[in-house]
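Student: Chains as they are written, first to last, in UniProt numbering: chain A, 1 to 336; chain B, 1 to 336.
For reference, the structure I am asking about is given below.
There are 2 protein chains.
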Amino acid sequence: MHPATPFKAATLHDVARQAGVSPITASRALSNPKLVSENTILKVQAAAQAVGYIPNLLAGGLKSKRSLMVAGLVPTISVAQFLPTVQALTETLADAGYQLILGQTGYDHAREEALINTMISRRADGIVFTGLVHSATARERLRRVGIPVVETWDLSERPIDMLVGFSHLKVGSAIAGYFLGKGWQRVGIATGDDHRGALRREGFLATIGKDVPTAVVPAPSSLALGRRALADLLRQDPKLQAVYCSSDQLAQGVLAEAQARGIRVPQELAVCGFGNADFAAHMQPSLTTVHVDGAAIGRLAAQLVIDRCNDTPIQNPVVDVGFSIIERRSTSLSQA
Amino acid sequence: MHPATPFKAATLHDVARQAGVSPITASRALSNPKLVSENTILKVQAAAQAVGYIPNLLAGGLKSKRSLMVAGLVPTISVAQFLPTVQALTETLADAGYQLILGQTGYDHAREEALINTMISRRADGIVFTGLVHSATARERLRRVGIPVVETWDLSERPIDMLVGFSHLKVGSAIAGYFLGKGWQRVGIATGDDHRGALRREGFLATIGKDVPTAVVPAPSSLALGRRALADLLRQDPKLQAVYCSSDQLAQGVLAEAQARGIRVPQELAVCGFGNADFAAHMQPSLTTVHVDGAAIGRLAAQLVIDRCNDTPIQNPVVDVGFSIIERRSTSLSQA
DNA sequence: CTGTTAGCGCTTTCAA
DNA sequence: TTGAAAGCGCTAACAG
Chain A
1 MHPATPFKAA TLHDVARQAG VSPITASRAL SNPKLVSENT ILKVQAAAQA VGYIPNLLAG
61 GLKSKRSLMV AGLVPTISVA QFLPTVQALT ETLADAGYQL ILGQTGYDHA REEALINTMI
121 SRRADGIVFT GLVHSATARE RLRRVGIPVV ETWDLSERPI DMLVGFSHLK VGSAIAGYFL
181 GKGWQRVGIA TGDDHRGALR REGFLATIGK DVPTAVVPAP SSLALGRRAL ADLLRQDPKL
241 QAVYCSSDQL AQGVLAEAQA RGIRVPQELA VCGFGNADFA AHMQPSLTTV HVDGAAIGRL
301 AAQLVIDRCN DTPIQNPVVD VGFSIIERRS TSLSQA
Chain B
1 MHPATPFKAA TLHDVARQAG VSPITASRAL SNPKLVSENT ILKVQAAAQA VGYIPNLLAG
61 GLKSKRSLMV AGLVPTISVA QFLPTVQALT ETLADAGYQL ILGQTGYDHA REEALINTMI
121 SRRADGIVFT GLVHSATARE RLRRVGIPVV ETWDLSERPI DMLVGFSHLK VGSAIAGYFL
181 GKGWQRVGIA TGDDHRGALR REGFLATIGK DVPTAVVPAP SSLALGRRAL ADLLRQDPKL
241 QAVYCSSDQL AQGVLAEAQA RGIRVPQELA VCGFGNADFA AHMQPSLTTV HVDGAAIGRL
301 AAQLVIDRCN DTPIQNPVVD VGFSIIERRS TSLSQA
C-alpha cells in the first residue's frame with residue numbers, strides 16, 4: 001500500500017513533454033538555467049507547475065554522484081552540549097541545499113563503525129563528528145574512502161581530514177591559572193570519565209604543578225553525581241578552597257552539596273563548571289564556567305564540508321575556535 | 001576533487017564477478033539471503049569482503065522505491081522538550097534500518113513547506129512532525145502524495161494521517177482540577193503565546209469556571225520572562241494563591257521572582273510548571289510539573305512509519321500517550 | 001535456487 | 001542553445 005510513493009509521481013519526462021522540449025532541456029531549465037534560453041525556462045517552469053513535478057533527488061544523486069546529504073554523528077542527541085552545534089550545522093547545510101542525516105553512536109565503537117558504513121552506503125557527501133573518531137578501523141576506512149570528514153569539539157595532531165575545535169588541555173590550564181590567580185592552592189577536580197574531561201584534568205594539573213584531590217564520576221554526569229563528588233573531595237581535603245567541575249551539571253551538584261553542608265560559596269568554597277549551560281547564569285549563586293561557541297563550530301564544520309563538495313580551496317582545514325572563562329558569583333563576590 | 005566518491009568504489013558487479021555468480025544473485029545473497037543457497041551466500045560474502053564492497057543505497061532506493069529514510073521535522077532542535085522524542089525516533093528507526101533526516105522549520109510556514117518538498121524530493125519513506133502541520137497547503141500536499149505522516153505532541157480531530165500525542169486541553173483542565181482540590185481559588189496563568197499553550201489555558205479556564213489573571217509571554221519562554229510574568233500577575237491580583245506556568249522555564253522565573261519578593265513557596269504561592277525538565281526535580285523548592293513521555297512518542301511514531309512501510313496493518317493510527325502531574329514541593333509541603 | 005531482461009529518473013558526455 | 005545516447009548501481013519481474 002505504501003512502499004513510499006503510492007501515487008504515480010510526475011517525472012521530468014512528463015514535464016518535458018508538457019513543455020514540448022527534450023527531457024535534458026527540462027532538466028537544465030530547472031537545475032542549471034544559465035544554459036537555457038529565457039523562453040524555454042518559462043515554458044518548462046509552467047509545465048512543471050502544471051503536472052505537479054517534484055524532482056527525485058535519489059535519481060539525480062545516482063548519476064551526479066552527489067547526494068546533497070551530510071551525516072552528523074553525535075553520541076546522543078540529548079547531550080545538551082552539542083545542540084547548538086547540531087542546530088547550526090543543520091541550518092547552514094539547509095541554506096546550501098544539503099540535509100543532515102542524524103546518527104547516534106551511543107558512545108559505542110561498533111555502533112559508530114556501523115553508522116559510518118551506513119552513511120557511506122547512502123553516499124553522504126560528508127560526515128561531521130562531534131568529537132574525534134577513536135576507532136582505528138573507522139579512521140582508516142574514512143581515509144580510504146576519501147569522503148570529506150570534519151571532527152569537532154576537540155583538537156588532534158592527526159585529524160582524519162578537517163577539524164573544528166579547541167584545546168581541552170588549554171581549558172584545564174586556564175582554569176588552574178584562574179584559581180592560582182585568586183590565590184587558591186587547595187583545589188580539587190570533579191570530572192567525568194571521558195576523554196575530553198581527562199585532557200582538561202591533565203592541563204589543570206600541569207599548570208597547578210602538583211597532584212590534587214580528584215573525584216571521577218561515570219558518564220553521563222548529573223547533579224546527583226556532583227553531590228557525591230564533593231562529598232568525596234571533602235573527604236580527601238576538608239579544607240578545599242576551590243573545585244573545578246568537568247560539566248555544569250556536576251557543578252550544580254557540588255553547589256547543592258555545599259549548600260546542604262552549610263558551606264558558603266564562594267566565600268568558603270569556589271566552584272567552576274564547564275559548558276555554560278542555560279541554567280548556569282541563573283543558579284544561586286550564578287555559576288562561573290567555560291563557554292565554547294558551539295554554534296560557530298557547527299557553522300564552520302558545515303562550511304568546510306560544503307567547500308569541499310564545491311572544490312572551493314580550503315584555507316584552513318583545522319580551526320581552533322577557542323573558549324572563554326565566564327566569571328560569575330560562584331568564584332567571585334564582585335560579580336552579579 | 002571530492003564530488004562525493006573520488007575513489008572507484010566496488011559495485012555489486014565486481015562482487016558478482018569475484019564470486020562467479022550473476023549480479024542479482026549477489027544482490028539477493030546480501031540483502032535477502034533466504035532466497036539463496038548457503039554455499040552461494042558464503043561465496044558472495046567472501047567476495048564482498050575481498051573487493052571491499054559498500055552497497056549504494058541511492059541506487060537500490062531508486063529501483064525499489066524505498067529510501068529507508070524518514071524525515072523528522074522539528075521547530076528547532078534546541079527545544080529541549082522534543083529531545084527525548086528525537087532521540088527515541090532516531091534509535092528506533094536505526095534499529096529497523098532507517099535513518100532520520102533532520103529538518104528545522106523554525107516555526108515558519110514557508111520554511112516548513114519548503115522542507116516538506118525537499119523531503120518528498122528525497123523520497124523519504126515517511127515524515128514525523130513534532131506538532132501539528134498548520135499550513136493548509138502543506139496538509140493538502142502531504143495527503144495527495146500519500147506519504148506516511150505522523151503528527152505528534154498534540155491531538156487533532158483531523159490528523160493528516162497518523163498521530164501520537166495527548167490533549168493539551170485535558171492538561172489545563174487537570175491542573176485546574178488539582179488547584180481546586182487544594183482549595184485555591186485565586187489562581188493565575190503564565191503562558192507562552194503558542195498554540196499548545198493556548199489550548200492548555202482554555203482547558204484550565206473551562207475547569208476553573210471563570211476568567212483568571214493571565215500573563216502571556218512571547219516564545220521562547222525563559223526564566224527572565226517568568227520573573228516578569230509573576231510581577232505582572234501580582235499586579236492583577238496581589239493575593240494570588242497559585243500560578244500555572246506553560247513551561248518549567250517560566251516556572252523557574254516565577255519561583256525566582258517570588259524568592260526576590262520574599263514570597264514563600266508553596267505557603268504563600270503555589271507554582272506548577274509543564275514539561276518536567278531535568279532541573280525541575282532539583283530546584284529549591286522542587287517544582288510540581290506535568291510529565292509527558294517524549295521518548296514513548298518518538299518510539300511509537302517511528303513504529304507507525306515502519307509498519308506503514310512494511311504494510312503491517314496498523315491497529316491504531318491515533319495514539320494518546322496521556323500525561324501525569326508530578327507533585328513536588330512547589331505545591332505541597334508534604335513532598336520531598 | 002539462479003539467471004535474463006529491463007528499467008527506476010535523472011544527468012553526463014558528446015554532437016549538432 | 002538544444003538534443004541523442006548512454007548509463008549511474010541496483011533490484012522487480014519473470015523465466016528457467
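We put the beta carbon where it would ideally sit given N, CA and C, even for glycine.
1) Among residues of its own chain, excluding the 5 on either side of B/G294, which ones have a beta-carbon nearer than 6 Å to its beta-carbon?
2) Can you confirm whether the segment 187-201 of chain A touches the segment 238-251 of chain A when touching is taken to mean that 3 or more C-beta pairs between the two stretches lie within less than 8 Å?
3) Can you tell me whether A/T85 is helix, strand or coil according to DSSP?
4) Using a cut-off of 7 Å between C-beta atoms, extract the partners of B/T118 located in chain A.
5) Report the residues of the segment 256-271 of chain B with a CB closer than 8 Å to any CB of chain A, ordered along the chain.
6) Using a Cβ-Cβ distance under 8 Å, would A/T76 count as near chain B?
7) Restricting to Cα atoms, I'd like to know which of A/A219, A/T90, A/H134 and A/Q252 is closest to A/Q99.
8) From the beta carbon of A/E91, is the nearest beta carbon of chain B less than 8 Å away?
9) Using only CA atoms, which one of A/P75, A/A256, A/G253 and A/A215 lies nearest to A/D237?
10) Go ahead and pull the three-state DSSP assignment for B/L142.
11) Roughly how many angstroms lie between the CA atoms of B/R235 and A/Q267, to the nearest whole one?
12) Do the segment 317-334 of chain A and the segment 154-171 of chain A make contact, defined as three or more Cβ pairs closer than 8 Å?
13) In or out: A/T288 buried (at least 16 other Cβ within 10 Å) or exposed?
14) Are at least three pairs of beta-carbons, each pair with one atom in the segment 51-64 of chain A and one in the segment 247-266 of chain A, less than 8 Å apart?
15) Within the chosen definition, does the segment 134-141 of chain A reach the segment 274-291 of chain A through at least 3 CB pairs nearer than 8 Å?
16) Quick one: what's got a C-beta closer than 6 Å to B/P3's C-beta in the same chain, skipping five residues either side?
17) Mind pulling the beta strand (DSSP E) runs of 3 or more residues that sit fully within the segment 98-127 of chain B?
18) Is B/G183 helix, strand or coil when you go by DSSP?
19) Could you tell me which residues DSSP puts in a beta bridge with A/D278?
20) Between B/A301, B/E112, B/T331 and B/H291, which has its C-alpha nearest B/S324's C-alpha?
21) What's the gap between the Cα of A/S286 and the Cα of A/A280?
22) Between B/Q241 and B/L269, how many whole angstroms is the CB-CB distance? I'm expecting something under 8 Å.
23) Do B/A190 and B/L230 have their CB atoms nearer than 8 Å?
24) Exposed or buried, B/L42, counting other C-beta atoms within 10 Å across all chains shown (16 or more means buried)?
25) Just the chain A side, please: which residues come within less than 7 Å of B/F279 by C-beta, in chain order?
26) Residues of chain B with a CB under 7 Å from the CB of A/I54: which are they?
27) Considering only the alpha carbon of each residue, which of A/A251, A/I208, A/A206 and A/L205 lies closest to A/R227?
28) Quick check: what's the CA-CA separation for A/M69 versus B/L102?
29) Could you check whether the Cβ of A/Q241 sits closer than 8 Å to any Cβ belonging to chain B?
30) Note the first and the last residue of the continuous beta strand (DSSP E) segment covering A/I325.
31) So who's on the other strand from B/T191, going by DSSP bridges?
32) Along the alpha helix (DSSP H) that carries A/G253, what are the first and last residues, could you check?
33) Using three-state DSSP, classify B/L223 as helix, strand or coil.
34) What number of angstroms, rounded off, separates the C-alpha of B/L224 from the C-alpha of B/L233?
35) Tell me the DSSP secondary structure of A/H13 in three-state form.
36) Using a C-beta to C-beta distance shorter than 7 Å, which residues of chain A count as neighbours of B/G57?
Tutor: Here's the rundown:
1) Once the five neighbours on either side are set aside, the close Cβ partners of B/G294 are P84 and T85.
2) Yes, since at least three Cβ pairs between the segment 238-251 of chain A and the segment 187-201 of chain A fall closer than 8 Å, the two stretches touch.
3) In this structure, A/T85 counts as helix in the three-state DSSP scheme.
4) Within 7 Å Cβ-Cβ: Q99.
5) Cβ contacts with chain A: A256.
6) Look at A/T76: its C-beta is under 8 Å from a C-beta on chain B.
7) Looking from the CA of A/Q99, the closest CA among A/A219, A/T90, A/H134 and A/Q252 belongs to A/T90.
8) Any Cβ of chain B closer than 8 Å to the Cβ of A/E91 would place that residue at the interface, and such an atom is present.
9) Here the closest residue by C-alpha is A/A215.
10) Three-state DSSP puts B/L142 in a helix.
11) Just so you know, the alpha carbons of B/R235 and A/Q267 end up roughly 37 Å apart.
12) Flag = yes, the segment 317-334 of chain A and the segment 154-171 of chain A touch.
13) In the assembly as shown, A/T288 is a buried residue. Its beta-carbon has 16 or more other beta-carbons within 10 Å.
14) No contact exists between the segment 51-64 of chain A and the segment 247-266 of chain A.
15) With contact defined as three or more Cβ pairs closer than 8 Å, the segment 134-141 of chain A and the segment 274-291 of chain A are not in contact.
16) Residue placement at B/P3 is flagged as unreliable, the pLDDT there being 38, under the threshold of 50; the coordinate-derived value follows with that caveat. Sequence-distant Cβ neighbours of B/P3 in its own chain, meaning closer than 6 Å and more than five residues away, do not exist here.
17) Runs of the beta strand (DSSP E) inside the segment 98-127 of chain B: 99-104.
18) Coil at B/G183, not helix or strand.
19) DSSP, once it has assigned bridges, lists no residue as partnering A/D278.
20) Comparing alpha-carbon positions, the option among B/A301, B/E112, B/T331 and B/H291 lying closest to B/S324 turns out to be B/H291.
21) Going by the C-alpha atoms only, they are around 6 Å apart.
22) Yes, they are in contact, since the Cβ atoms of B/Q241 and B/L269 sit about 7 Å apart, within 8 Å.
23) Their beta carbons are under 8 Å apart, which means B/A190 touches B/L230 by this criterion.
24) Answer is exposed; the Cβ neighbour count stays below 16.
25) Those within 7 Å of B/F279 in chain A are F279.
26) Those within 7 Å of A/I54 in chain B are N117, I120 and S121.
27) The shortest Cα separation from A/R227 among A/A251, A/I208, A/A206 and A/L205 belongs to A/A251.
28) In a straight line, the C-alpha of A/M69 is about 11 Å away from that of B/L102.
29) It does not; no Cβ of chain B falls within 8 Å.
30) Note, A/I325: beta strand (DSSP E), S324 to I326.
31) For B/T191, which the question treats as bridged, DSSP gives the partners B/V216.
32) Run containing A/G253: D248 to A260, per the alpha helix (DSSP H) assignment.
33) The three-state reading of DSSP puts B/L223 in helix, counting H, G and I together.
34) Checking the sequence, you will find Ala at residue 224 of chain B rather than Leu. Roughly 15 Å separates the two Cα atoms.
35) A/H13 carries a helical assignment under DSSP once its states are collapsed to helix, strand and coil.
36) Reading off the sequence, residue 57 of chain B comes out as Leu, not Gly. S121 and R122, listed in chain order.
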